[in-house]
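First to last, the protein sequences are chains A and B. Numbering follows numbering that gives the first Met the number 0, with no gaps: position 322 of the first sequence is 321. Numbering follows numbering that gives the first Met the number 0, with no gaps: position 102 of the second sequence is 101. Built from N, CA and C at the ideal position, the CB exists for glycine as well. To start, the structure under review is shown below, and the notes come after it.
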Amino acid sequence: MTRKLFSFRVVIFIAIAIFVVSGSYWMGTLSRSTWCQSSTKVPEFKIFWEAWSLVEKNFYGELPPPKTMTYAALRGALSALNDPYTTFVEPQPRQLEKDDLHGSFGGIGVWLSQAQDGSFVLSPMREGPAIRAGIQDGDVLLGVDDTPITPEMSLSDVQVLIRGPLGSEVRLTIRREGVPEPLILTVVREEIAIPSVTWRMVEDQPDMGYIKITRFTERTPQELKEALADLRDQGMVRLVLDLRDNGGGLLTEATQVASQFLNEGVVLYERRRNAEEKAYPVQKGGMARDVPLAVLINGGTASAAEIVAGALQDHERGPLIGERTFGKGSVQLIYDLSDGSSLHVTSAQWFTPNRHQINGQGLAPDIEVPLTDEDRTQGRDPQLERAIAYLTGS
Amino acid sequence: MIESLRVLCITVLTAVIIGVTFLSGFATGALVMHAPPSAPSPEATPLPDEEAQFQIFWEAWRLIEENFDGPIPDVRTRTYGAINGMLQTLGDDHTVLLSPEYAAIFGEDLSGSFEGIGALVKMREDGKLMIVEPFKGQPAERAGVQAGDIVLAVDGVTLQGLNLYEAIALIRGPKGTVVSLTIEREGVEQPFDIQVERARIEIPVVETRMLEGGIAYISLFEFSEPAPARFREALQELLDQEPRGLILDLRGNPGGYLGAAVSIGSEFISDGLILRERAKGGREIEHPATGNGVALDIPLVVLVDGGTASASEIVAGALQDHGRAVLIGEQTFGKGTVQIGYDLSDGAELRITIAHWFTPNGRAIEKEGLTPDIVVEMTQEDKDAGRDPQLERAIEYLKSQTSLRID
Chain A
0 MTRKLFSFRV VIFIAIAIFV VSGSYWMGTL SRSTWCQSST KVPEFKIFWE AWSLVEKNFY
60 GELPPPKTMT YAALRGALSA LNDPYTTFVE PQPRQLEKDD LHGSFGGIGV WLSQAQDGSF
120 VLSPMREGPA IRAGIQDGDV LLGVDDTPIT PEMSLSDVQV LIRGPLGSEV RLTIRREGVP
180 EPLILTVVRE EIAIPSVTWR MVEDQPDMGY IKITRFTERT PQELKEALAD LRDQGMVRLV
240 LDLRDNGGGL LTEATQVASQ FLNEGVVLYE RRRNAEEKAY PVQKGGMARD VPLAVLINGG
300 TASAAEIVAG ALQDHERGPL IGERTFGKGS VQLIYDLSDG SSLHVTSAQW FTPNRHQING
360 QGLAPDIEVP LTDEDRTQGR DPQLERAIAY LTGS
Chain B
0 MIESLRVLCI TVLTAVIIGV TFLSGFATGA LVMHAPPSAP SPEATPLPDE EAQFQIFWEA
60 WRLIEENFDG PIPDVRTRTY GAINGMLQTL GDDHTVLLSP EYAAIFGEDL SGSFEGIGAL
120 VKMREDGKLM IVEPFKGQPA ERAGVQAGDI VLAVDGVTLQ GLNLYEAIAL IRGPKGTVVS
180 LTIEREGVEQ PFDIQVERAR IEIPVVETRM LEGGIAYISL FEFSEPAPAR FREALQELLD
240 QEPRGLILDL RGNPGGYLGA AVSIGSEFIS DGLILRERAK GGREIEHPAT GNGVALDIPL
300 VVLVDGGTAS ASEIVAGALQ DHGRAVLIGE QTFGKGTVQI GYDLSDGAEL RITIAHWFTP
360 NGRAIEKEGL TPDIVVEMTQ EDKDAGRDPQ LERAIEYLKS QTSLRID
């Protein structure tokens, strides 16, 4: 089921952080339905129980646990909707997903990746409990508390073991190259923030800033403000906003991000079934309303990121440079079900201020610049170069 | 009791026949039996703990109905979706649900005849129904239907959005009635209607001919209900011409009923087993030869390839284990499980894997297939040039064998 969740990613991370970014699909509003009425009796559904009991009675092989069958039945019913974004998420990944969208959780500050042979390799973040406890890059994880780590486990299985309440301890058994015996390290969990915004001044361009937003979490607007303030202090008067491979995130936060660059008007329209169109207006007080902009996009720019890019394009705040975006403009509501799993239901569609439909179409760049595999292997970034050239007027 | 059940072999389908379907249209693979009519009807209500376990399903279902932005498919579609989802957890490709349309057409085809227009059709990738071949002398051909024609509508009902089986269900109907096909044909500007009077169509099962040097050839297309009788008849006609050798062609034969496999295998083997079946819980069922075969001694070659599956593999495997025939061609499909088909109350059929089967010597077939005694490949080039090196090798082999005998 983890795979299902991950399959929606637009971006593939090679090393998945322990606080993994769980998906670049979008969520509109987090809402909750804590309880549900008793089973609706649908007469046509009788066929299902006929099939179920025949399988239980006659199938030659092993039967999976009833819960697995139930979840699979639900997925099967959802697939009849023909909507890749209406999905069911099982309890464990759901917790991870919540952490990711919240932007922080009780963790140890380590990147976790799974090697070809199935072993789990650690890499501590620059700051955090892991590096302070002595975990080194390349340590192989053998056990978490009393649970042995095996190659059959998934990344999210291991993540769940490592994460926990703030202040609690977790005991890691690791193997380190050059050390004959396994090492046991105890680490206290702390709140680990997942940065979503990185920034710098552009090399050789003393007045040009660069901001990259990787996704839209609860913390993104604050991080963006810090970035803008810091760059302004460094003399930024023009800006490259990089939304490439940004798979989306929370809508309200995306609206706030767009508002930093806009004076007034609408950021997006949302249309729900059986409801009037809803406008999300620009929020006043943006810090970079007049800064000349160039926005980088590509096929990994999806959902909430397309909202931001689309709004900036329609308000003519700057050219979109790069490649056509992903085209994910439908909105999912996330409902928590009574057993801790959750259901993402496509409930609305998004439109840009000029009422361009995003879903299935994406946004076309104003200046198309492809990024070839050759560029990638040679470390070239012609899209960024084009943005710099645009902003310097050359 | 199981012995009395009909078992059959099928697979995924690639092409089907209109109002006329062929088993050969189904891809290779499942040995299916029908549930005995006396079987108790399945419990249609969940146990209380199952119902509780299933609660979450209804929570989600209700949320979808209240909130989903888009067309919500009908309850049947979602129910089938749920069943298919549940079946996927079994990790067995052959335990499958057939919709009522599919089940009806499939059952009819295995009966060996149906009432329709007599044409092979397929669903193209663009969702259009195409006539692959109108059968010679059958109603479709007589009415002027041609290969390559696209059927847009049947009796004025558009086929757009229908799957192959739903489309076929519209075209088939009682013999003597007339069906109107709206046809789109290359080179003809406007679509036009063709009226076809339906008839009972016998699905071809065997093909025979005498080859050079007194060698007889018999090809079996599928193990349908009438297959044993028709095979016996055709085989007897060949034997009456006193051939020196016989080639049994099972290439591309996806299988059919288990009983038909036992009957046809028994034409060549006087005693001993045709196959062993291992059911749930390890119970073994032996299927012996029936003992009334008519071709027990004639030098025999069986032609096999990757499309030889299931019931075909039973026959080929038995003949190989008994040393009765030489297998020539390519590795077979490898379908070694047995399905039983249960009719659900809405006409759908649930096909459940209930057993594995093994050759008389106990060889497992599942995912392995049979390796021919003489491997001869058929390349695309051969096919394009109309060459059949496998058949040529079989003739060569039989000539050398029989000439030894004669000497």
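In chain order, what residues of the same chain lie with their CB nearer than 6 Å to the CB of Thr-331/B, ignoring the 5 residues before and after it? Excluding positions up to five away in sequence, the list reads Val-303, Thr-307, Glu-312, Gly-368 and Leu-369.
Extent of the continuous alpha helix (DSSP H) run through Ile-364/B: It is not in any alpha helix (DSSP H) - Ile-364/B carries neither H nor E in the DSSP assignment.
Chain-ordered residues of the stretch 79-92 of chain B with a beta carbon less than 8 Å from chain A: Tyr-79, Gly-80, Ala-81, Ile-82, Asn-83, Gly-84, Met-85, Leu-86, Gln-87, Thr-88, Leu-89, Gly-90 and Asp-91
Cβ shell of Leu-234/B (< 7 Å), same chain only, five flanking positions each side left out: Ile-217, Glu-266, Val-293 and Ala-294
Can you say whether Lys-121/B is buried or exposed, counting buried as having 16 or more other CB atoms within 10 angstroms of its CB? Using a 10 angstroms sphere on the CB of Lys-121/B, the tally of other CB atoms reaches 16 or more, which defines it as buried.
Pull out every residue of the stretch 54-72 of chain B whose Cβ sits closer than 8 Å to any Cβ of chain A, in chain order. Gln-54, Ile-55, Phe-56, Trp-57, Glu-58, Ala-59, Trp-60, Arg-61, Leu-62, Ile-63, Asn-66, Phe-67, Asp-68, Gly-69, Ile-71 and Pro-72
Report the rounded CA-to-CA distance for Leu-109/B versus Tyr-256/B, giving the unit in angstroms. 8 Å
Buried or exposed: where does Ile-55/B fall if 16 or more other Cβ atoms within 10 Å of its Cβ makes it buried? buried
For Gly-166/A, count neighbouring C-beta atoms within 10 Å of its own C-beta (all shown protein chains included) and say buried if the count is 16 or more, exposed if not. exposed
I want to verify the contact list: residues of chain A whose CB lies under 9 Å from the CB of Thr-352/B, in sequence order. Asn-57, Phe-58, Tyr-59 and Gly-60
With 16 as the cutoff for other CB atoms within 10 Å, does Arg-123/B come out buried or exposed? exposed
Would a check of beta-carbon distances place Lys-45/A closer than 8 Å to chain B? yes
Just to make sure I have the definition right: I need the residues of chain A whose C-beta is within less than 9 Å of the C-beta of Tyr-341/B. Which are they? Near Tyr-341/B (Cβ distances below 9 Å), the residues of chain A are Glu-49, Ala-50, Leu-53 and Asn-57.
Going by CA-CA distance only, name the one from Ala-384/B, Pro-99/B, Gln-87/B and Ile-373/B that's closest to Leu-397/B. Ile-373/B
Extent of the continuous beta strand (DSSP E) to which Ser-179/B belongs: 177-183
Check whether the stretch 244-254 of chain B touches the stretch 214-231 of chain B, counting contact only when three or more Cβ pairs, one atom from each stretch, lie closer than 8 Å. yes
Within the 8 Å Cβ cut-off, does Val-95/B reach chain A? It does not; no Cβ of chain A falls within 8 Å.
Kindly indicate if chain B contains any beta-carbon less than 8 Å away from that of Ser-78/A. yes
Measuring straight from C-alpha to C-alpha, what distance separates Ala-310/B and Met-129/B? Near 30 Å, if we compare the C-alpha coordinates of Met-129/B and Ala-310/B.
Okay, do the stretch 264-273 of chain A and the stretch 226-244 of chain A touch, 3+ Cβ pairs below 8 Å being the bar? no
If Arg-162/A and Gly-127/A are in contact, beta carbons under 8 Å, what's the gap, nearest whole angstrom? The Cβ separation is near 13 Å, so there is no contact.
Buried or exposed: which applies to Asn-262/A, given that a residue is buried once 16 or more other Cβ atoms fall within 10 Å of its Cβ? exposed
Inspect the beta-carbon positions of Arg-197/B and Glu-114/B and report whether they are closer than 8 Å. yes
Distance CB(Ile-193/B)-CB(Gly-143/B) smaller than 8 Å: yes
Contacting residues, own chain, Cβ-Cβ under 8 Å from Leu-141/A (five flanking each side not counted): Here the set comprises Pro-147, Ile-148, Thr-172, Ile-173, Arg-174 and Pro-181.
Hey, out of Asp-244/A, Ala-132/A, Met-286/A and Met-200/A, whose CA is closest to Ser-258/A's CA? The candidate whose alpha carbon is nearest that of Ser-258/A is Met-286/A.
Are Gln-312/A and Leu-362/A closer than 8 Å when you measure CB to CB? yes
Counting only the same chain and skipping the five closest in sequence on each side, list residues whose C-beta sits under 7 Å from that of Gly-335/B. The answer, listed in chain order, is His-355, Trp-356, Ala-363, Ile-364 and Glu-365.
Identify whether Val-281/A lies in helix, strand or coil by the three-state DSSP scheme. coil
Distance, Cα to Cα, Pro-359/B vs Ile-327/B? Roughly 20 Å separates the two Cα atoms.
Are the C-beta atoms of Val-187/B and some chain A residue less than 8 Å apart? no
Cβ atoms of Thr-78/B and Ala-71/A: under 8 Å apart, would you say? no
List the DSSP bridge partners of Ile-130/B. Ile-130/B pairs with Val-120/B.
Of the residues Ser-112/A, Ser-195/A, Val-178/A and Met-124/A, the one placed nearest Ser-155/A, counting alpha carbons only: Ser-112/A
Given a threshold of 16 other Cβ atoms within 10 Å of its Cβ, counted over all protein chains shown, does Arg-385/A qualify as buried or as exposed? buried
Please determine, among Leu-299/B, Asn-252/B and His-321/B, the residue with the shortest C-alpha to C-alpha distance to Ala-407/B. In this structure chain B extends from 0 to 406, so residue 407/B is not present and cannot be described.
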